[in-house]
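Trainee:
Protein chains: 2
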Amino acid sequence: MSDYLFIDACFQKNVPRVPVWMMRQAGRYLPQYQAVRSKVTFLELCKTPSLACEVTVQPIDEFGMDAAILFCDILIPVEAMGLSLDFTDKGPVFANPIRSRGDINKLSIPDPHETMPFVMDAIGLVRKQINVPLICFSGAPFTLASYAIEGSGSKNYVHLKSMLFSDPKSAHILLGKLAETCTEYLKAQVASGAQAVQLFDSWAGILSPHDFKEFALRYAKQIIESLKASKEFSENPVPIIYFVNGCAPYLEMLKDCGADVLGCDWRVDLAHVRHIIGDRMAIQGNMDPTALLGTQDYVRHEVKHVVESAGEHSGYIFNLGHGVLPMTNPEHVRVMVEAVHQLTAQ
Amino acid sequence: MSDYLFIDACFQKNVPRVPVWMMRQAGRYLPQYQAVRSKVTFLELCKTPSLACEVTVQPIDEFGMDAAILFCDILIPVEAMGLSLDFTDKGPVFANPIRSRGDINKLSIPDPHETMPFVMDAIGLVRKQINVPLICFSGAPFTLASYAIEGSGSKNYVHLKSMLFSDPKSAHILLGKLAETCTEYLKAQVASGAQAVQLFDSWAGILSPHDFKEFALRYAKQIIESLKASKEFSENPVPIIYFVNGCAPYLEMLKDCGADVLGCDWRVDLAHVRHIIGDRMAIQGNMDPTALLGTQDYVRHEVKHVVESAGEHSGYIFNLGHGVLPMTNPEHVRVMVEAVHQLTAQ
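Residue numbers (the numbering used here), protein chains in the order written: chain A, -11 to 334; chain B, -11 to 334.
(1) Could one say the Cβ of Tyr135 of chain A lies closer than 9 Å to chain B's Cβ atoms, at least one of them?
(2) Determine the closest residue to Asp276 of chain A out of A:Glu168, A:Asp253 and A:Asp267, with distance taken between C-alpha atoms.
(3) When burial is assigned at 16 or more other CB atoms within 10 Å of the CB, is Glu172 of chain A buried or exposed?
(4) At a Cβ cut of 8 Å, what residues of the region 218 to 252 of chain A count as close to chain B, listed as they run along the chain?
(5) Report, in whole angstroms, the separation of the C-beta atoms of Ala136 of chain A and Ile86 of chain A, which I expect to be a contact under 8 Å.
(6) Give me the chain A residues within the contact set of Phe153 of chain B, using Cβ-Cβ distance strictly less than 9 Å, ordered along the chain.
(7) State yes or no: is the beta carbon of Ser190 of chain A nearer than 9 Å to at least one beta carbon in chain B?
(8) Could you tell me whether the region 177 to 194 of chain A touches the region 101 to 114 of chain A, where touching means 3 or more Cβ pairs closer than 8 Å?
(9) Report the option in A:Ile305, A:Glu102, A:Asn144 and A:Lys116 whose CA atom is closest to the CA atom of Thr169 of chain A.
(10) Is there a Cβ from chain B that is less than 9 Å from the Cβ of Pro197 of chain A?
(11) Bridge partners for Asp189 of chain B per DSSP, in chain order?
(12) Ser190 of chain A and His310 of chain A: beta carbons closer than 9 Å?
(13) Return yes when at least one heavy atom of the ligand HEM lies under 8 Å from the C-beta of Leu215 of chain A, else no.
(14) Kindly confirm or deny that the region 10 to 22 of chain A and the region 72 to 90 of chain A touch, where touching means at least three C-beta pairs closer than 8 Å.
(15) With a threshold of 9 Å between beta carbons, is Asn144 of chain B in contact with chain A?
(16) Please list, in chain order, the chain B residues whose beta carbon lies closer than 8 Å to that of His293 of chain A.
(17) Cutting at 6 Å between CB atoms, please list the residues of its own chain near Asp257 of chain B, excluding the five before and the five after it.
(18) Considering only the alpha carbon of each residue, which of A:Thr131, A:Ala83, A:Arg115 and A:Gly70 lies closest to Cys124 of chain A?
(19) Taking Cβ-Cβ distances below 7 Å as the criterion, which residues of the region 7 to 31 of chain B are in contact with chain A?
(20) Sort B:Val185, B:Asn144, B:Asn233 and B:Phe231 by Cα distance to Leu281 of chain A and report the nearest one.
(21) With DSSP as the reference, please indicate the residues paired to Thr76 of chain B in a beta bridge.
(22) Find the residues of chain B that neighbour Ser150 of chain A, judging by a C-beta separation of less than 7 Å, and give them in chain order.
(23) Report the residues of the region 317 to 331 of chain B with a CB closer than 7 Å to any CB of chain A, ordered along the chain.
(24) Roughly how many angstroms separate the alpha carbons of Gly164 of chain A and Leu132 of chain B, rounded to a whole number?
(25) For Phe221 of chain B, which residues in the same chain have their Cβ closer than 8 Å to its Cβ, ignoring the five residues on either side in sequence?
(26) Taking the alpha carbon of Lys243 of chain B as the point to measure from, which residue in B:Leu205, B:Glu223, B:Thr283 and B:Gly273 has its own alpha carbon closest?
(27) I'd like the list of long-range same chain contacts for Gln20 of chain B, defined as Cβ closer than 7 Å, with 5 residues on each side in sequence excluded.
(28) Within its chain, find whatever has a CB closer than 8 Å to the CB of Arg262 of chain A; leave out the 5 residues flanking it on each side and keep chain order.
(29) Indicate whether at least one CB of chain A lies closer than 9 Å to the CB of Asp257 of chain B.
(30) What residues from chain A crowd round Leu313 of chain B, counting only those whose CB sits closer than 8 Å?
(31) Checking 9 Å against the spacing of the C-beta atoms, do Ala247 of chain A and Tyr207 of chain A come in under that value?
(32) Let me know the secondary structure DSSP gives Ala270 of chain B once reduced to three states.
(33) Against Gly193 of chain A, what residues of chain B qualify as contacts under a CB-to-CB distance less than 9 Å, listed in chain order?
(34) Which runs of the beta strand (DSSP E) spanning at least 3 residues fall entirely within the region 251 to 295 of chain B, listed in chain order?
(35) Would you identify the three-state DSSP class for Tyr304 of chain A, choosing helix, strand or coil?
(36) Could you confirm whether any beta carbon from chain B is found closer than 9 Å to the beta carbon of Gly299 of chain A?
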C-alpha cells in the first residue's frame, strides 16, 4: 500500500473510498486559472514552471482532488520534434503540418530534458507543494499524428486518413517516431518525479476497430512495454493510464494493452467495461463532462449512476469521460467531488 | 420475394448477391451533381422536384447502385415545423434555434403534404425513372433536436446537453413533437411511393448509453412502432432502416428498436454487431467513407474486409459507415461497387 488512494486504486489495491480527479482540472473553468492565464499566452503558461505549478495546484486546494495533473498540453512533444505549434481561439495549430515522407524525415527524436526542461522543472516545483500524487502525460502517437498531419482540429480527418490508406508505410514511420518520442518523454517525467503517467488517445474514436489496432493500439502498447522495461520505471514503478476517447468498440483489444488503468470516455457503460476487461486493469472515468452543465441535483444523480456502474471493484478512479468544459460552474465540480466522497466512503 | 435485391436483403430473404448503395450517393463528389448544384442553392435543389429527381437518379445511372435515396436533407421537416433553415459553407444553420419552452411551444406539427409537397412530388418523378427501390428518410428526433437546439454544427453540444440535463421536461416535449412530425412525414413519403425509409440518428453517438436510451432510442422506437401500426405501412409494408452513427455502445439496446435494418457506422465490427443482434435485424454498412481516399487496391481490400465481417447472413446491405465525402474520386466508388458485386455473387 502507498500513502495515496489514487495510486492504490490504479494498482487495484483496497481503498477506503474511490479517489477522484478530473481531466483538464487545471483549466479555464476556474477563475483563479483565468487570472493567471490573462497575463500570458497558453504556451507561455505551459513553459513557465512557476505558473504551470501554480495552476496545477489550484484545483487541489479548491476541491481536494485526490491527484494533480501537471498543467501542460498533449502536443508539447510534437513541437519538440520540430513542428511549429501555436494556440488560437480555435485550438492548437501547426503552421507546417506533416504531409509527406520528407516532412516526416525532418522530425527529430528530441531529448526531453533538453527540449522540454520546463516540464521537468514544473514537476519538481509541484511535488514540493502538494501531498497528492502528480500525474504527468503525453498525447498517444495516433492522436499526435492526427494533429501533426491535419495541422489543426478536423471534421473528417481527410489528410490523416489519406495518408493512412494511401501511404501506410509513411504513416507507420511517423507513428514509430512519435512512439519513441513519447517513451523518452514519459521516462523523463518519471525520472523528474511524476507519480503516474497518462497517455491520451483523444482521437482514437475516429478509427474502425481494425484501424485502431494497427494505427493506435499498436503504438500505445509499444510505449507501455518500453516504459515497463525501463530503468526509470523499475526504480519508480508508477502506474500507466491509457485514456481512449471513444473506447467502446475496442474494449476486447484493450484487454491486452498492458496499461495499469483504462481511461474511458462517457459513451460506454462501466459495468460493461468491467465485464469485458475483468481484473486486468483498473478503470478510470467516465461522467459526461456536460453533466456538469445540469442542475446540482442532476450532478449528484449522475455521479451515483457512474459510481454504481463501476461496481464494487477497488480498482476504480472517478473522473469525467473527457476534459471539463470551460463554461462549467466550479460549484458543480465541488458537488461532484463531494458526491463521490459521500457515496463511496466505507 | 420482391423484384429487388435491396428490399429482399432488408427483410433477410435469400439474395443472389449483396446489394449496395451509399449514403449521400446523390452528392458533391459527382461532377454531374455539381453541374446541377452550381445553378441553384442547396435548398432550391431540395425543393425543386425535377432537379432533386435528376440528382437522385445520377448515381444509379453512373454506378448501378441497388437502391436510390431521394436527394433531400434530414432537417427539412424541422424547417416545416417553423424554424428558419439555411445552408452555409459550414453546413446547416437555424437562425432561430430552440432555447426555451416558449420556443418549443411555437413549433407546429406540420402536414407533410402541405408543407413539403416538393418531397412527395420528387418521389413520384423518381419512381417513373428508375427500376431500383427508392429510399426516403428523415433525421431521427434526437438528431433533429440537436441541430434545432444548437442552431448549427457543434463541438461539445453545450446548448443541447444543458437542456437535456437541466430541463429534461422541455427536451422531452421537443422530442415528442419531433417524433410526431417524423412519423407523419415518413407515412406521407410511403403514401407517395417511397419503397424504404431510413431514420438518420447522425448525432446519437454523443450520448452516454443511458442518455441514448432516454433521449434517442425511445423516440426512434416510438416512430417505428407508429409506422408499423399505420394504414400507410399496412398497405405498403416497406422496410425501416435505423442508422445510428456511433452505434457500438448501444448495440444491446438496439436489438429491440423494432427496425428491419440497423445502419452501422464504421467504428464497429459487423461480426460483433451480428453476434449481438442475431437474426433480429438486417445489417447495413459500414466501410469508413475515408477508405475511398486510399488507393484503388486499398478500396478493394477494405470492401473485402467489410463483406467478410458481415458474414454469410443474407440480411446484409453494403454501404459506407457515413456519407460519402465531397473530395471522393468517383472512380473509387465504381471500384467499390464492382468489388461488392464480384465478392458476393454466388
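The C-beta atom is built at its ideal place from N, Cα and C for all residues, glycine as well.
Mentor: On the basis of the supplied data:
(1) no
(2) Per the Cα distances, A:Asp253.
(3) buried
(4) Under the 8 Å Cβ criterion, the region 218 to 252 of chain A contributes Gly234, Ala236 and Pro237.
(5) 5 Å
(6) Asp276, Thr278, Ala279, Leu280, Leu281, Gly282, Thr283, Tyr286, Val287 and Glu290
(7) no
(8) Here the region 177 to 194 of chain A makes contact with the region 101 to 114 of chain A; the two share three or more CB pairs at distances below 8 Å.
(9) The shortest C-alpha separation from Thr169 of chain A is found at A:Glu102.
(10) yes
(11) B:Val232
(12) Taking 9 Å as the Cβ cut-off, Ser190 of chain A and His310 of chain A qualify as a contacting pair.
(13) With respect to the ligand HEM, the structure shown offers nothing to examine, as it has no ligands at all.
(14) no
(15) Yes, Asn144 of chain B counts as interfacial toward chain A.
(16) His198
(17) Ser297
(18) A:Arg115
(19) none
(20) The option with the nearest alpha carbon to Leu281 of chain A is B:Asn144.
(21) B:Gly79
(22) Leu281
(23) none
(24) 42 Å
(25) Lys175, Val178 and Leu215
(26) Considering only alpha carbons, the answer is B:Leu205.
(27) Gln46
(28) Ile271, Ala298, Gly299 and His301
(29) Yes, its Cβ sits closer than 9 Å to a Cβ of chain A.
(30) Residues of chain A passing the Cβ test: Asn144 and Val146.
(31) The answer is no: Cβ separation not under 9 Å.
(32) Correct three-state label for Ala270 of chain B: strand.
(33) Gly193, Gly234 and Arg255
(34) 270 to 275
(35) strand
(36) no
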